[in-house]
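Written below as structure tokens is the structure these notes are about.
Numbering (the UniProt record's numbering), first residue to last: 1 to 467.
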């Protein structure tokens with residue numbers, strides 16, 4: 001399912017459905033039919049009056065089928081869906097220490113409304129005695145819990161009725177996709193759980209939902225992604241639909257605790273006639289003293305390298321975790337750049353070592369830009385602008401005993417004026433976005449930021465071409 005553009009509210013409906021069927025191990029056709037019947041039963045279930053949608057952190061309940069009913073009754077089928085926001089409580093402390101605070105729909109540009117799928121288990125009406133049928137045959141009972149996760153976007157003035165109709169359709173569509181995945185990857189009586197993922201499509205600001213089978217690696221799904229790239233008209237030289245590319249909803253914290261893209265909270269610099277050339281995609285901010293590692297005074301290049309590795313991980317180019325200091329050192333020993341005693345030491349590394357580790361651990365190639373004096377960096381606007389325009393990766397720069405990460409440039413082709421977007425790995429505090437941006441640990445710097453007489457090496461990682 002694809003979301004409409006320019007949405008002001010994202011409705012996200014999650015829950016579980018129990019799938020079960022009887023597989024005939026001796027008849028493939030019967031097994032296929034049994035799976036189809038099982039999913040058809042679930043589609044009928046979510047289309048019935050038993051379906052109830054609960055708005056999380058609110059008292060709102062909605063029965064979307066068979067004539068829309070709501071609690072409270074002030075929400076009707078024709079009510080603008082933005083009115084739902086008035087009923088949602090935020091778990092944030094205000095100045096008085098209170099926790100439940102209502103969302104202010106007027107100050108919300110994009111809201112995520114989290115919803116839970118429920119099923120009524122009691123029904124009124126005539127009770128019918130169950131009938132039993134006994135069949136003597138060899139069969140296999142298959143059961144699994146389906147993780148339902150549907151998204152729908154809407155402008156605030158769209159009606160509650162239209163949103164609910166769209167969510168029910170999305171539920172049925174997702175069950176169709178899940179059935180296809182279960183049938184395609186079934187091996188005999190072994191069924192793989194289908195898992196939904198949401199992806200933000202480039203250029204169009206649309207979310208698309210894709211169902212992948214659990215337990216099947218991204219490398220085994222390349223043909224599936226290639227087909228999806230064609231469907232969504234995506235280029236075939238960059239990964240957009242790997243699991244690592246899945247959309248991160250703004251109301252969900254990152255489990256690893258690292259800040260993502262702190263530069264996105266900065267005001268662009270005032271450089272006359274300049275265009276911005278910025279890192280593309282998502283990275284994590286790695287700096288001194290993280291991960292219970294005291295690297296203050298020697299680990300800046302390691303941290304810059306970790307930021308670069310996080311970019312390749314979060315864009316779906318690699319599966320491995322961001323390497324530790326020790327893993328970085330071991331990689332340099334493995335390629336013959338360092339002696340075994342280097343592992344566990346507190347020795348510095350530079351741009352050339354960063355290039356070697358990226359190639360050894362991630363299979364990523366890099367270009368090296370050599371600058372004999374820091375004063376020359378002011379003249380490198382065209383080269384850096386082209387890098388961020390075409391590759392879009394973070395750049396590690398090392399000079400003297402310091403290393404930094406360049407995330408972009410503001411550069412004027414007519415005047416040659418330039419400012420550098422710097423992510424500073426020398427920060428030793430906690431993950432406080434306000435301090436990091438206000439104190440300049442992530443910020444725009446002029447050419448005077450660099451030591452005018454020191455030499456610098458810049459490591460410019462290159463994107464591999466892959467789906």
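For every residue, glycine included, the Cβ atom is placed at its ideal position computed from N, Cα and C. Bear in mind that the values here come from a model prediction, so they are computed numbers and not experimental data.
* To do: For residue 149, write down the residues that DSSP places opposite it in a beta bridge.
  => In the chain shown, the residue the question calls residue 149 occupies position 149. In DSSP, residue 149 forms a bridge with 14.
* Between which two residues does the beta strand (DSSP E) containing residue 453 stretch? -> Here residue 453 refers to the residue found at position 453 when the chain shown is read from its first residue. Note, residue 453: premise wrong, no beta strand (DSSP E); not H, not E.
* Asked: Three or more beta-carbon pairs under 8 Å between the region 151-166 and the region 66-73, yes or no?
  -> yes
* To do: Look up residue 187 in the DSSP assignment and give the residues it is bridged to.
  => Counted from its first residue, the chain shown places residue 187 at position 187. BP columns for residue 187 point to 190.
* Buried or exposed: which applies to residue 179, given that a residue is buried once 16 or more other Cβ atoms fall within 10 Å of its Cβ? -> Locating residue 179 in the chain shown gives position 179, where the first residue counts as 1. Classification for residue 179: buried.
* Tell me, to the nearest whole angstrom, how far the beta carbon of residue 9 is from that of residue 153; I am working on the premise that it is less than 8 Å. => Translated into the one-based positions of the chain shown, residue 9 becomes position 9. Translated into the one-based positions of the chain shown, residue 153 becomes position 153. About 7 Å; that satisfies the 8 Å criterion.
* Asked: Is the region 271-285 touching the region 400-419 in the sense that three or more CB pairs, one from each, lie closer than 8 Å?
  -> yes
* Asked: Cα-Cα, which of 263, 370, 463, 63 is closest to residue 387?
  -> Position 387 of the chain shown, counting from 1, holds the residue named residue 387. If we check each option's Cα against that of residue 387, 463 comes out closest.
* Residue burial classification, residue 339 (beta-carbon count within 10 angstroms, cutoff 16) -> Translated into positions along the chain shown, residue 339 becomes position 339. Burial call: exposed.
* Near residue 25, what residues of its chain come up, given a Cβ to Cβ distance below 8 Å and the 5 sequence neighbours on each side ignored? -> Looking up residue 25 in the chain shown gives position 25. Answer for residue 25: 31, 138, 139, 140, 188, 189, listed in chain order.
* Asked: Of all the options 201, 228, 196, 224, which has the alpha carbon lying nearest to the alpha carbon of residue 214?
  -> Here residue 214 is taken as the residue at index 214 of the chain shown, counted from 1. Out of 201, 228, 196, 224, 196 has the C-alpha closest to the C-alpha of residue 214.
* So residue 224 is in the beta strand (DSSP E); what residue range does that whole segment cover? -> Here residue 224 is taken as the residue at index 224 of the chain shown, counted from 1. It is not in any beta strand (DSSP E) - residue 224 instead sits in the alpha helix (DSSP H) that spans 222-231.
* Asked: How about residue 266 and residue 430: do their beta carbons lie closer than 8 Å?
  -> Residue numbering aside, residue 266 sits at position 266 when the chain shown is read from its first letter. Residue numbering aside, residue 430 sits at position 430 when the chain shown is read from its first letter. Going by C-beta atoms, residue 266 is not nearer than 8 Å to residue 430.
* Does the region 411-431 come close enough to the region 325-332 to have 3 or more Cβ pairs within less than 8 Å? -> no
* Would you tell me roughly how many angstroms separate the C-alpha atoms of residue 228 and residue 245, rounded to the nearest one? => In the chain shown, counting from the first residue as 1, residue 228 sits at position 228. In the chain shown, counting from the first residue as 1, residue 245 sits at position 245. Answer to the nearest angstrom: the Cα atoms are 14 Å apart.
* Opening and closing residue of the alpha helix (DSSP H) in which residue 45 lies -> In the chain shown, residue 45 corresponds to position 45, counting from 1. From DSSP, the alpha helix (DSSP H) with residue 45 extends over 28-46.
* Asked: Is residue 466 helix, strand or coil by DSSP?
  -> Locating residue 466 in the chain shown gives position 466, where the first residue counts as 1. Coil.
* If you run the structure through DSSP and keep just helix, strand and coil, what is residue 249? -> Numbered from its first residue, the chain shown carries residue 249 at position 249. In this structure, residue 249 counts as coil in the three-state DSSP scheme.
* So, using beta-carbon positions, are residue 307 and residue 288 closer together than 8 Å? -> As a working note, residue 307 is residue 307 in the chain shown. As a working note, residue 288 is residue 288 in the chain shown. Cβ atoms of residue 307 and residue 288: not closer than 8 Å.
* **Assigned exposure category for residue 263 - 16 Cβ within 10 Å defines buried** => The residue given as residue 263 occupies position 263 in the chain shown. Buried.
* Counterpart residues of residue 446 in DSSP-defined beta bridges -> Here residue 446 is taken as the residue at index 446 of the chain shown, counted from 1. Paired residues: none, contrary to the question.
* Inter-residue Cα distance where the pair is residue 415 and residue 369 -> Taking the chain shown and counting its residues from 1, the one referred to as residue 415 is at position 415. Taking the chain shown and counting its residues from 1, the one referred to as residue 369 is at position 369. The straight-line gap from Cα to Cα measures roughly 23 Å.
* To do: Assign residue 106 to one of two classes, buried (16 or more other C-beta atoms within 10 Å of its C-beta) or exposed (fewer than that).
  => Translated into the one-based positions of the chain shown, residue 106 becomes position 106. Low confidence applies here, because residue 106 scores a pLDDT of 38, under 50, leaving its location unreliable; read the following figure in that light. Answer is exposed; the Cβ neighbour count stays below 16.
* Asked: Alpha carbon to alpha carbon, what distance is there between residue 348 and residue 401?
  -> For the purposes of this step, residue 401 is taken as residue 401 along the chain shown, with counting starting at 1. For the purposes of this step, residue 348 is taken as residue 348 along the chain shown, with counting starting at 1. Each residue's Cα considered, the two are about 8 Å apart.
* For residue 435, the three-state DSSP class (helix, strand or coil) -> Counting from one through the chain shown, the residue named residue 435 turns up at place 435. It is helical.
* To do: Could you tell me which residues DSSP puts in a beta bridge with residue 154?
  => Along the chain shown, one-based indexing puts residue 154 at 154. DSSP, once it has assigned bridges, lists 9 as partnering residue 154.
* Asked: Straight-line CA distance for residue 309 to residue 83?
  -> Against the chain shown, residue 309 aligns to sequence position 309. Against the chain shown, residue 83 aligns to sequence position 83. Between residue 309 and residue 83, the C-alpha separation is close to 43 Å.
* **Sheet register partners of residue 403 (DSSP bridge)** => Within the chain shown, the letter at position 403 stands for residue 403. Residue 403 pairs with 398.
* Asked: Given residue 315, which residues of its chain have a CB within under 6 Å of its CB, disregarding the five upstream and five downstream residues?
  -> Start at 1 with the first residue of the chain shown, and residue 315 comes out as number 315. The answer, listed in chain order, is 281.
* Asked: Cβ atoms of residue 303 and residue 361: under 8 Å apart, would you say?
  -> Here residue 361 corresponds to residue number 361 of the chain shown, with the count starting at 1. Here residue 303 corresponds to residue number 303 of the chain shown, with the count starting at 1. The answer is no: Cβ separation not under 8 Å.
* Going by CA-CA distance only, name the one from 385, 351, 399, 438 that's closest to residue 372. => In the chain shown, residue 372 corresponds to position 372, counting from 1. Ranking the options by Cα distance to residue 372, first place goes to 399.
* Within its chain, find whatever has a CB closer than 6 Å to the CB of residue 98; leave out the 5 residues flanking it on each side and keep chain order. => Position 98 of the chain shown holds residue 98. With a pLDDT of 39 at residue 98, under the threshold of 50, the predicted position of this residue should be treated as unreliable, though the coordinate-derived value follows. Cβ neighbours of residue 98 beyond the five flanking positions: none.
* **Beta-carbon proximity list for residue 22, same chain, < 8 Å, skipping 5 on both sides** => In the chain shown, residue 22 corresponds to position 22, counting from 1. Excluding sequence neighbours, residue 22 sits near 34, 139, 140, 141, 142.
* Of all the options 291, 242, 43, which has the alpha carbon lying nearest to the alpha carbon of residue 201? -> As a working mapping, residue 201 is identified with position 201 in the chain shown. Selected option, being the one with the closest Cα: 242.
* To do: Return the Cβ separation of residue 171 and residue 46 in integer angstroms, given the expectation that the two are a contact with Cβ distance under 8 Å.
  => As a working note, residue 171 is residue 171 in the chain shown. As a working note, residue 46 is residue 46 in the chain shown. Rounded, the Cβ-Cβ distance is 5 Å, consistent with contact.
* Can you name, in chain order, every residue of its own chain whose Cβ lies under 8 Å from the Cβ of residue 207, other than the five neighbours on each side? -> Looking up residue 207 in the chain shown gives position 207. Contacts found: 2, 3, 10, 151, 153, 198, 199, 200, 201, 247.
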